[in-house]
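Below you'll find the structure, written out as structure tokens, and then a few comments.
2 protein chains.
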Amino acid sequence: MDDTHISLAHGNGGRFMRELIREIFQHHLGNPDLDINTDAVTLTIPGSEIMFTTDGFSVQPLEFPGGDIGSLAVHGTVNDLAVSGAEPLYLSLNAFIEEGFELALLDRLIHSLAEAAKESGARIVAGDTKVVPRGHGGGLYLATTGIGRRLSPLKLGMENIEPGDAILVSGSVGDHGTAVMLAREAFGLHGDIRSDATSVLPLTRCLLDVDGLRFMRDPTRGGLATVMHEISHATGFGVRLEQSSIPIKDPVQSVCDMLGYDPLFLACEGRVVAVVAETAAEQALEYWRQKADGKDAAIIGRVEDTHQHVVLVTELGGERILEELEDEPLPRIC
Amino acid sequence: MDDTHISLAHGNGGRFMRELIREIFQHHLGNPDLDINTDAVTLTIPGSEIMFTTDGFSVQPLEFPGGDIGSLAVHGTVNDLAVSGAEPLYLSLNAFIEEGFELALLDRLIHSLAEAAKESGARIVAGDTKVVPRGHGGGLYLATTGIGRRLSPLKLGMENIEPGDAILVSGSVGDHGTAVMLAREAFGLHGDIRSDATSVLPLTRCLLDVDGLRFMRDPTRGGLATVMHEISHATGFGVRLEQSSIPIKDPVQSVCDMLGYDPLFLACEGRVVAVVAETAAEQALEYWRQKADGKDAAIIGRVEDTHQHVVLVTELGGERILEELEDEPLPRIC
Numbered sequence: 663m664d665d666t667h668i669s670l671a672h673g674n675g676g677r678f679m680r681e682l683i684r685e686i687f688q689h690h691l692g693n694p695d696l697d698i699n700t701d702a703v704t705l706t707i708p709g710s711e712i713m714f715t716t717d718g719f720s721v722q723p724l725e726f727p728g729g730d731i732g733s734l735a736v737h738g739t740v741n742d743l744a745v746s747g748a749e750p751l752y753l754s755l756n757a758f759i760e761e762g763f764e765l766a767l768l769d770r771l772i773h774s775l776a777e778a779a780k781e782s783g784a785r786i787v788a789g790d791t792k793v794v795p796r797g798h799g800g801g802l803y804l805a806t807t808g809i810g811r812r813l814s815p816l817k818l819g820m821e822n823i824e825p826g827d828a829i830l831v832s833g834s835v836g837d838h839g840t841a842v843m844l845a846r847e848a849f850g851l852h853g854d855i856r857s858d859a860t861s862v863l864p865l866t867r868c869l870l871d872v873d874g875l876r877f878m879r880d881p882t883r884g885g886l887a888t889v890m891h892e893i894s895h896a897t898g899f900g901v902r903l904e905q906s907s908i909p910i911k912d913p914v915q916s917v918c919d920m921l922g923y924d925p926l927f928l929a930c931e932g933r934v935v936a937v938v939a940e941t942a943a944e945q946a947l948e949y950w951r952q953k954a955d956g957k958d959a960a961i962i963g964r965v966e967d968t969h970q971h972v973v974l975v976t977e978l979g980g981e982r983i984l985e986e987l988e989d990e991p992l993p994r995i996c
Numbered sequence: 663m664d665d666t667h668i669s670l671a672h673g674n675g676g677r678f679m680r681e682l683i684r685e686i687f688q689h690h691l692g693n694p695d696l697d698i699n700t701d702a703v704t705l706t707i708p709g710s711e712i713m714f715t716t717d718g719f720s721v722q723p724l725e726f727p728g729g730d731i732g733s734l735a736v737h738g739t740v741n742d743l744a745v746s747g748a749e750p751l752y753l754s755l756n757a758f759i760e761e762g763f764e765l766a767l768l769d770r771l772i773h774s775l776a777e778a779a780k781e782s783g784a785r786i787v788a789g790d791t792k793v794v795p796r797g798h799g800g801g802l803y804l805a806t807t808g809i810g811r812r813l814s815p816l817k818l819g820m821e822n823i824e825p826g827d828a829i830l831v832s833g834s835v836g837d838h839g840t841a842v843m844l845a846r847e848a849f850g851l852h853g854d855i856r857s858d859a860t861s862v863l864p865l866t867r868c869l870l871d872v873d874g875l876r877f878m879r880d881p882t883r884g885g886l887a888t889v890m891h892e893i894s895h896a897t898g899f900g901v902r903l904e905q906s907s908i909p910i911k912d913p914v915q916s917v918c919d920m921l922g923y924d925p926l927f928l929a930c931e932g933r934v935v936a937v938v939a940e941t942a943a944e945q946a947l948e949y950w951r952q953k954a955d956g957k958d959a960a961i962i963g964r965v966e967d968t969h970q971h972v973v974l975v976t977e978l979g980g981e982r983i984l985e986e987l988e989d990e991p992l993p994r995i996c
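Those sequence lines, one after another, are chains A and B. Everything in the first sequence is counted per the working numbering, starting at 663 for the first residue and increasing by one. Everything in the second sequence is counted per the working numbering, starting at 663 for the first residue and increasing by one.
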């Protein structure tokens, strides 16, 4: 393959496509279960139960401080399995590549994707590429679908949540959304804000031992505030957050203040929100703080027997209702 | 949801997105295994073995005579399982929707997708939507990932192919590619050419009873000729096709002659190519001809102990080497 950029012929089913798949995708993703000559792969599953999830990725820019669309496409799907109490086994990968895309960049992104998959213990076992004409894509869109294995008989879910339960977050919020925004826009702002994007498996695994764990979720699109609304919608209970307890890095807060964003609505890609019984909150917090990615973990609020409100108790002791996201066109952060 | 078109807010994680997912995706795709409030779904699998495949879809136009991107997104993945000797159980769905996309059209396409899934017996159990900015998409891109169950202990694969084996096709070739081309381009040509897109499950199921079945594949991107090249590459054997035996509809041939395309390279989305032992060829043909979608089935050639060539014996008895697709930017037909 002696070209430097993607052409429509890389999507036509012929020699160019075969070489693209072999020299970039198979080259980086190769593993004993990946067979690029087959229509469907046969997989052996431990037991007769699997967990299944899918996620699409259209982040801009494709590379940002702390990650890129390749690693994000693994972390997003791995994390959906992780917060469901599972570990990933197998992933499929779809790539929509725009004509004119630089092959060196594609190679870098798929390499990064492969590294993230290896770290999380997941194998890419099925894939497909489509080439879309110049002007009909954002460079590269990815979609991954994951098959996982439940790590605990515990059935986690919002239906387990009860009034009085504590709400925890594993680290600072809004880092990913802010890092991507700064990388994209020409705000003239520079700093060392990095995305928090990573696999949350170490954080979710250790919480499965906590008696009283109800529910976990990674606060991606819509951020921490949106997860709180999801809990409130699904349970009919209220949520009360203590602003002073929510970890937000100073540079993230400063950038958000300047640009008019609320970090509570900005995406994280490496954090976990957990709801646990009140009696188990301190233990969960301790487990998290022992982990590298959990040292800033905090108990940030509780579930209340009030009707469907998300209330933020401000640092001055006032209360403010945290509204649901409406028509804000938030940046493409995942 | 009182809007008529997709806005960026439909992708932000908040209320608009929740309503879009509920009112279009859940509305059409709803089934007992689909839970839009969960990160990963728990699935029960018969046995401890599954088959797994994925496919992306970027066809233009989104609706064409005989199908649309919605039904195609189901048929493409269902057919990859079918030709592998499996039946589909579960599907995941990713949608990349362009800002400004008409909601009525989205509703129609997802309805069509749901109908195709029902017909094939597959349940959509996981999904994700992303909204990309105006000018950064082709309206709608879809990706589906399928989990299936093997219907027979037979391990189909190109490694089973032997010299002397017969090659069959289940119906006329090039219909889908030609129909999509005519629907897109302003050639001023009109006719009743319809896509052949459909589930091939009835065709693959009945062939599993044929003793001597080696391999099946659906000739999509790159068409029949590309499947022949794949066989030749993988086995090291040659392939000899009889032009006069290959079913091609007259209007398809006429349009291809006018536009300079070879129907052997154009996509089918509802045909099967099968390789069977010579002694089983007539039985396979009979099974197919009993099916509605197999009445034009034909034995079109054989595998030969020559080195990696795809040879077409012309109607006049001459021979021509069928080259592999190179840099032809073929129309976006899947």
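Glycine included, every Cβ here is placed at the ideal spot set by N, Cα and C. Small disclaimer: the values here were computed from a predicted structure and weren't measured.
C-beta atoms of residue i and residue j nearer than 8 Å
i: Ala735(B); j: Thr806(B); result: yes
i: Ser857(A); j: Pro723(A); result: no
i: Gly732(A); j: Phe758(B); result: no
i: Ser834(B); j: Trp950(B); result: no
i: Val938(B); j: Asp790(B); result: no
i: Ile634(A); j: Leu751(A); result: Residue 634(A) lies beyond the residue range present for chain A, which begins at 663 and ends at 996; the question has no answer from this structure.
i: Glu764(A); j: Thr882(A); result: no
i: Val901(B); j: Ser907(B); result: no
i: Ile823(B); j: Arg964(B); result: no
i: Asp854(B); j: Cys930(B); result: no
Closest residue to residue i among the options (Cα-Cα distance)
i: Glu821(B); options: Pro881(B), Ala766(B) and Phe899(B); result: Phe899(B)
i: Thr844(B); options: Thr976(B), Gly810(B), Tyr923(B) and Ala778(B); result: Checking the sequence shown, residue 844(B) turns out to be Leu, not Thr. The residue with the shortest Cα to Cα distance from Leu844(B) is Tyr923(B).
i: Ser814(A); options: Ala788(A), Asp871(A), Val794(A) and Asp837(A); result: Asp871(A)
i: Ser720(A); options: Asn756(B), Val703(B), Glu988(B) and Asp967(B); result: Asn756(B)
i: Gly926(A); options: Ala896(A), Thr840(A) and Lys953(A); result: The displayed chain sequence assigns Leu, not Gly, to residue 926(A). If we check each option's Cα against that of Leu926(A), Thr840(A) comes out closest.
i: Phe714(A); options: Asn699(A), Asp697(A) and Asn741(A); result: Asn741(A)
i: Val935(A); options: Ala887(A), Met920(A), Val917(A) and Glu948(A); result: Ala887(A)
i: Gly885(A); options: His838(A), Phe678(A) and Ser754(A); result: His838(A)
i: Thr976(A); options: Gln970(A), Ile962(A) and Glu988(A); result: Ile962(A)
i: Ala778(B); options: Glu761(B), Thr739(B) and Arg812(B); result: Thr739(B)
Residue interval of the alpha helix (DSSP H) (run including residue i)
i: Glu892(B); result: Gly885 to Thr897
i: Met679(B); result: Arg677 to Leu682
i: Val745(A); result: Per DSSP, Val745(A) belongs to no alpha helix (DSSP H) and is neither H nor E.
i: Leu921(B); result: Asp912 to Leu921
i: Glu944(B); result: Ala943 to Arg951
i: Thr840(A); result: Asp837 to Arg846
Residue i, DSSP secondary structure in three states
i: Pro795(B); result: coil
i: Glu725(A); result: strand
i: Ala866(A); result: The amino acid at residue 866(A) is misidentified as Ala; the sequence shows Thr. Helix.
i: Asn756(A); result: strand
i: Val965(B); result: strand
i: Arg933(B); result: coil
i: Leu813(A); result: coil
i: Ile686(B); result: helix
i: Glu829(B); result: One point to set straight first is that residue 829(B) is Ile, not Glu, in the sequence displayed. Of the three classes helix, strand and coil, the one that applies to Ile829(B) here is strand, per DSSP.
i: His672(A); result: helix
i: Glu662(B); result: Limits of chain B in this structure are 663 at one end and 996 at the other, which puts residue 662(B) out of reach.
i: Pro708(A); result: coil
i: Asp790(B); result: strand
i: Pro909(B); result: coil
i: Glu821(A); result: helix
i: Ala954(A); result: helix
Residue range of the unbroken beta strand (DSSP E) whose run includes residue i
i: Asp717(A); result: Glu711 to Phe719
i: Arg770(A); result: Looking at the DSSP string, Arg770(A) is not in any beta strand (DSSP E); the run it does join, the alpha helix (DSSP H), is Leu765 to Ser782.
i: Arg879(A); result: Leu875 to Arg879
i: Gly900(B); result: Gly900 to Glu904
i: Arg982(B); result: Glu981 to Ile983
i: Glu872(B); result: At residue 872(B) the sequence reads Val, which differs from the Glu that was named. Looking at the DSSP string, Val872(B) is not in any beta strand (DSSP E), and its letter there is neither H nor E.
i: Leu974(B); result: Val972 to Val975
Check: residue i C-beta below 7 Å from any heavy atom of the ligand ATP
i: Arg982(B); result: By its list of ligands, the structure shown contains no ligand whatsoever, and the ligand ATP lies outside what it can speak to.
Pair every Cβ in the segment 746–761 of chain A with every Cβ in the segment 861–870 of chain A, then say whether three or more of these pairs are closer than 8 Å.
-> Yes: at least three Cβ pairs fall under 8 Å.
Do the segment 702–710 of chain B and the segment 705–713 of chain A touch if we need at least three Cβ pairs shorter than 8 Å?
-> Touching, yes.
Segment contact, 8 Å Cβ cut-off, at least three pairs: the segment 771–783 of chain B with the segment 678–693 of chain B | The segment 771–783 of chain B makes contact with the segment 678–693 of chain B; the number of CB pairs closer than 8 Å reaches 3 or more.
Please confirm if the segment 969–984 of chain A is in contact with the segment 667–678 of chain B, defined as three or more CB-CB distances below 8 Å between the two stretches.
-> Taking one beta carbon from each stretch, the segment 969–984 of chain A and the segment 667–678 of chain B have fewer than 3 pairs nearer than 8 Å; the two do not touch.
Can we say the segment 876–884 of chain B touches the segment 794–802 of chain B, given the rule of at least three CB pairs closer than 8 Å?
-> Flag = no, the segment 876–884 of chain B and the segment 794–802 of chain B do not touch.
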